[in-house]
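If you read the sequences in order, they're chains P and E.
Numbering-wise (the UniProt record's numbering), the first sequence opens with residue 1 and increments by one.
Numbering-wise (the UniProt record's numbering), the second sequence opens with residue 1 and increments by one.
From the three backbone atoms N, C-alpha and C, an ideal C-beta is built for every residue, glycine too.
Keep in mind the model is a prediction, meaning the values are calculated, not measured.
First up is the structure itself, then whatever we jot down about it.
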Amino acid sequence: MTDLSYVRTEMLSERDPPLSTTGVIGWIRENLFNGLSNSVLTLASLAFIYWVLSHFIPWFWSPTWNGTSLGQCREMIGAAGKESGACWGVINERWPQMLFGFYPVEERWRPILAFVLMFVALIPVLFNMISRRWNWFLLALVLFVTTLFVASGWLAVVAQVLLVVAMIWIGRLILVTKVSDRADEIKAGARRLPNPLMFSAAFVFIMPWLLWGGTVWAPIATAFGFVVGWGAFRVLAPVAGSLVAMILGVVAAVVWWLFLVGPVAAGLHGLLPVGLEPVQSRNFGGLLLSVTIGVVAISVSLPLGIVLALGRQSDLMLVKWMSVGFIEFIRGVPLITLLFVASFLLNVFMPPGTNFDIILRVIIMATLFSAAYIAEVVRGGLAALPKGQYEAADALGLDYWKAQRLIIMPQALKISIPGIVSVFIGLFKDTTLVSIIGLLDPIGLSNSIRADVAWNGIVWELYGFIAFLFFIITFLMSRYSMYLERRLRTDHR
Amino acid sequence: MSTFELERDVDRSHMQVSDRVAIEIRNMNKWYGQFHVLRDIDLTVYEGERIVICGPSGSGKSTLIRCINRLEEHQAGGIVVDGIELSSDLKNVDKVRSEVGMVFQHFNLFPHLTVLDNLTLAPIWVRKTPRKEAEEIAMHYLEKVKIPEQALKYPGQLSGGQQQRVAIARSLCMKPRIMLFDEPTSALDPEMIKEVLDTMISLAEEGMTMLVVTHEMGFAEQVANRVIFMDAGQIVEQNAPSEFFNNPQSDRTKLFLSQIL
Ligand SMILES: Nc1ncnc2c1ncn2[C@@H]1O[C@H](COP(=O)(O)OP(=O)(O)O)[C@@H](O)[C@H]1O
Ligand SMILES: [Mg+2]
Chain P
1 MTDLSYVRTE MLSERDPPLS TTGVIGWIRE NLFNGLSNSV LTLASLAFIY WVLSHFIPWF
61 WSPTWNGTSL GQCREMIGAA GKESGACWGV INERWPQMLF GFYPVEERWR PILAFVLMFV
121 ALIPVLFNMI SRRWNWFLLA LVLFVTTLFV ASGWLAVVAQ VLLVVAMIWI GRLILVTKVS
181 DRADEIKAGA RRLPNPLMFS AAFVFIMPWL LWGGTVWAPI ATAFGFVVGW GAFRVLAPVA
241 GSLVAMILGV VAAVVWWLFL VGPVAAGLHG LLPVGLEPVQ SRNFGGLLLS VTIGVVAISV
301 SLPLGIVLAL GRQSDLMLVK WMSVGFIEFI RGVPLITLLF VASFLLNVFM PPGTNFDIIL
361 RVIIMATLFS AAYIAEVVRG GLAALPKGQY EAADALGLDY WKAQRLIIMP QALKISIPGI
421 VSVFIGLFKD TTLVSIIGLL DPIGLSNSIR ADVAWNGIVW ELYGFIAFLF FIITFLMSRY
481 SMYLERRLRT DHR
Chain E
1 MSTFELERDV DRSHMQVSDR VAIEIRNMNK WYGQFHVLRD IDLTVYEGER IVICGPSGSG
61 KSTLIRCINR LEEHQAGGIV VDGIELSSDL KNVDKVRSEV GMVFQHFNLF PHLTVLDNLT
121 LAPIWVRKTP RKEAEEIAMH YLEKVKIPEQ ALKYPGQLSG GQQQRVAIAR SLCMKPRIML
181 FDEPTSALDP EMIKEVLDTM ISLAEEGMTM LVVTHEMGFA EQVANRVIFM DAGQIVEQNA
241 PSEFFNNPQS DRTKLFLSQI L
């Protein structure tokens, strides 16, 4: 029997890992050429990539940017001594149309402004890394640049002076205090600029006004509907109880929106006519149309989906079965069917004479469609939460809504981020289906462009360009979801 | 079971049982479907009592204390907590829950909030305490459970024992009159059991009314004024700790004690 006892007398110090496993060479050896089969696969993949690029790059690199028809493109390609190549002239000539459709040229600053303002409005919602000052500064800057381009006369000068003063004032605030000092000041109760989310809320009403135009009183009167509903709730709550008051408040707001917004806005417009040139929905097209449908449907379907997910888990049988019925019905029907309903059938059910905007109808259908999917994704997140979280919230005395808002939803939504973003990306890509009911989204436009004799026969360039536009947007969405997941990771597993 | 030895003497000067009733359970019964979990439970808890509940797994200990803050509903009999009858009236339930603190076996901290936010959440949203004051209260209790330096960390960054102490502090921030503990140390390593029990002892020393489901018999002997033994959904025996451990009456109790000691 040998002696098994052992005592270490000297502790080992830390050493670097062997060189062959680190650095570029180490990485390549480790990941690309570890073993025979992997080396073969690596070489085969390299050959395939080479083959694809050797065809694509000469096609892509084609001197046809100034071509005015497919025939002329072919001459230019021939003159350059090549056999084939892309005809980029079509993109050069038609890209404004691909972006804006038939939106009047002199009004195109409005969708651009709406798009830029959308980012200003989204920053405080999507990111928490920018200070209030920077957000307001950005808003003033955007508005100032806009006035330079589109406004003239003494009113514009007054606005520009005011905006410059605001920018200097906020800019000085940004420069004089350091971020860390500012955090201490805020803790000590320093006065802050108003929350930029105020602008985000206002933007909900500004965006349709910028896009469709008309009197400025329409969005103001629409926004006032919330005041009406809230006021009705506050007045009735002490008398009728909070649930009844809530229902009546909603009814009051809906009555206001359906019957009173029109006359009130018209009356105010008579007194003080301020407004933008109206633009008809049929002039919307291209990426503008896709983004409009996508943005509105995305931002409405998330809260709607959350409500449906909660409804599906509710103890109230009626609420539960209505949610289940809605979700299962919508998921059982293809989006294209809903779009056909929106386009042809809905008007049959409307009282004669009502003109229910086609884009609005499509947005409603897209919203309902993705809300059903969001509801199921969120339900998955809810199911993944341990029961202990509900119990802890209950044991602390939080009521249902507070527990949902403060404990359950923040965690369930965090779990659901990848699924939610997938639904949104899918929804955005599905906006191209509206070409089937005759709306001129990029796909619809590409068909009408090809109907032009000059461009008849062009396929890859147009679809490639559309794919490129969509790729940028969906790629940004997926990157954002990864950023958000990283930011919210607090479990340190 | 682990044999917990207290290093210091327990200060009994504030451990007084008053004759005011904190919890009154009368002839209470509960079923899970057809399964009769709790049978004819009668229990009166006076203010300042420290009651340890023990018994074999599945005997209904958790269910009993979860009925007290209505995480579970009972189907027959009555439970009155601090003068409030527990019924399906949600207002009463919320009132009782904000008076009764509960500590769980698996801590159930909110992983998406910092320790400080875990502690201030209920005072701010249920008690409407201003944030600043709530934070002061929170820091006070964090110091009491001896981890003020962890205030800005997330629960996932703490050890099990630290998490459980945070969970105790979270309950205390609501200034409860009664504390319920459901096997607070069962998920912990031996080193950490001690720090959690220490915290619970100082709580007892301040005169808190406590119901503790635990198998830490050392804790029961030193701190409890009454030990309850449950089996098959019934209270089988209850007595002062010295009597309970040295002179158990029922055969079931004797069997149980012989298995765990
Ligand atoms: N939600 C439930 N549904 C059905 N049976 C349950 C449920 N919770 C607990 N039980 C059963 O009730 C009995 C008592 O459980 P519990 O109170 O957790 O016991 P203890 O805490 O004493 O170990 C066990 O037999 C358990 O299986
Ligand atoms: Mg248990």
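Short CB-CB distance (under 8 Å) between residue i and chain P
i, result
"E/Ala224", "no"
"E/His74", "no"
"E/Met174", "yes"
"E/Phe110", "yes"
"E/Ser256", "The sequence shown places Phe at residue 256 of chain E, not Ser. No, its Cβ sits nowhere closer than 8 Å to a Cβ of chain P."
"E/Asp94", "yes"
"E/His140", "no"
"E/Gly218", "no"
"E/Gly60", "no"
"E/Ala169", "no"
"E/Ser98", "yes"
"E/Met208", "no"
Residue nearest to residue i in terms of C-alpha spacing, selected from the options
i, options, result
"P/Arg405", "P/Leu382, P/Val150, P/Ser299, P/Phe424", "P/Leu382"
"E/Gln98", "E/Met179, E/His14, E/Ile260", "Checking the sequence, you will find Ser at residue 98 of chain E rather than Gln. Out of E/Met179, E/His14, E/Ile260, E/Met179 has the C-alpha closest to the C-alpha of E/Ser98."
"E/Met28", "E/Met102, E/Cys67, E/Asp9", "E/Cys67"
"P/Ile363", "P/Ile298, P/Glu14, P/Asn38, P/Leu236", "P/Ile298"
"P/Trp217", "P/Pro194, P/Val274, P/Ile25", "P/Val274"
"P/Pro208", "P/Pro111, P/Ala395, P/Asn31", "P/Pro111"
"P/Val421", "P/Arg479, P/Val296, P/Ser84", "P/Arg479"
"E/Ile193", "E/Gly161, E/Gly207, E/Ile201, E/Gln222", "E/Gly161"
"P/Trp169", "P/Val158, P/Ala140, P/Gly189", "P/Ala140"
"E/Asn239", "E/Ile137, E/Ala232, E/Leu255, E/Glu221", "E/Glu221"
"P/Gly388", "E/His14, E/Met15, E/Phe110, E/Val17", "E/Phe110"
"E/Met54", "E/Asp40, E/Lys128, E/Val213", "The sequence shown places Cys at residue 54 of chain E, rather than the Met named in the question. The shortest Cα separation from E/Cys54 among E/Asp40, E/Lys128, E/Val213 belongs to E/Val213."
"P/Arg191", "P/Val157, P/Arg132, P/Phe203", "P/Arg132"
"E/Gln157", "E/Ser258, E/Lys146, E/His112", "E/His112"
"E/Ser62", "E/Gly77, E/Gln105, E/Gly33", "E/Gln105"
"E/Ile201", "E/Pro190, E/Ala224, E/Glu183, E/Glu191", "E/Ala224"
"P/Leu310", "P/Gly294, P/Val296, P/Ile327, P/Val295", "P/Ile327"
"P/Val69", "P/Ser54, P/Ala86, P/Phe56, P/Leu484", "Here the sequence assigns Ser to residue 69 of chain P, which means Val is not the residue at that position. For the residues P/Ser54, P/Ala86, P/Phe56, P/Leu484, the minimum Cα distance to P/Ser69 belongs to P/Ala86."
"E/Asp89", "E/Arg70, E/Ala76, E/Val103, E/Gly77", "E/Arg70"
"E/Arg177", "E/Asn108, E/Ile25, E/Glu47", "E/Glu47"
"P/Val377", "P/Ile408, P/Ala451, P/Ala412", "P/Ala412"
"P/Ile416", "P/Tyr390, P/Ala121, P/Gly457, P/Tyr373", "The residue asked about is misnamed: residue 416 of chain P is Ser in this sequence, not Ile. For the residues P/Tyr390, P/Ala121, P/Gly457, P/Tyr373, the minimum Cα distance to P/Ser416 belongs to P/Tyr373."
"P/Leu469", "P/Ser39, P/Gly78, P/Leu287", "P/Leu287"
"E/Arg170", "E/Glu183, E/Asn246, E/Gly58, E/Ala134", "E/Ala134"
"E/Ser186", "E/Met217, E/Thr209, E/Cys173", "E/Met217"
"E/Pro241", "E/Val21, E/Val52, E/Ile23, E/Asp19", "E/Val52"
Beta-carbon separation (whole angstroms), residue i vs residue j, contact threshold 8 Å
i, j, result
"P/Leu117", "P/Val142", "6 Å"
"P/Leu304", "P/Ala371", "4 Å"
"E/Ala167", "E/Asn92", "Incorrect: roughly 25 Å between the Cβ atoms, too far for contact."
"P/Ser281", "P/Asp357", "5 Å"
"residue 495 of chain P", "P/Ala245", "Chain P is shown only over 1 to 493; residue 495 of chain P falls outside these bounds and no answer can be derived."
Below-8 Å beta-carbon distance, residue i vs any chain E residue
i, result
"P/Asp394", "yes"
"P/Pro418", "no"
"residue 511 of chain P", "Absent from the model: residue 511 of chain P. The displayed extent of chain P is 1 to 493, so no value can be given."
"P/Leu469", "no"
"P/Thr177", "no"
"P/Gln411", "yes"
"P/Glu391", "yes"
"P/Glu10", "no"
"P/Thr292", "no"
"P/Asp399", "yes"
"P/Leu406", "yes"
"P/Gly381", "no"
Where residue i meets chain B, residues with beta-carbon distance less than 9 Å
i, result
"P/Leu243", "Among the protein chains of the structure shown, namely P and E, there is no chain B."
Quick check for students: name the residue ranges of the alpha helix (DSSP H) that lie wholly in the stretch 437-474 of chain P, counting only runs of 4 or more.
442-450
Among all residues, which have a Cβ less than 5 Å from at least one non-hydrogen atom of ligand 1, and in what chain order do they fall?
E/Tyr32, E/Val37, E/Ser57, E/Gly58, E/Ser59, E/Gly60, E/Lys61, E/Ser62, E/Thr63
Ordered list of alpha helix (DSSP H) runs contained in the stretch 79-104 of chain P, each at least 4 residues
89-100
Could you name each continuous beta strand (DSSP E) segment of 3 residues or more that falls completely within the stretch 12-52 of chain E, going from the start of the chain to the end?
21-32, 35-46
Which runs of the beta strand (DSSP E) spanning at least 3 residues fall entirely within the stretch 151-192 of chain E, listed in chain order?
178-182
Can you list, in chain order, the stretches of the alpha helix (DSSP H) that have 4 or more residues and sit fully within the stretch 80-153 of chain E?
90-99, 115-125, 131-144
Give the list of continuous alpha helix (DSSP H) stretches no shorter than 4 residues that lie fully inside the stretch 276-359 of chain P.
286-312, 317-331, 335-340, 346-349
Fully enclosed by the stretch 147-217 of chain P, which alpha helix (DSSP H) runs are 4 residues long or longer?
154-176, 179-187, 197-212
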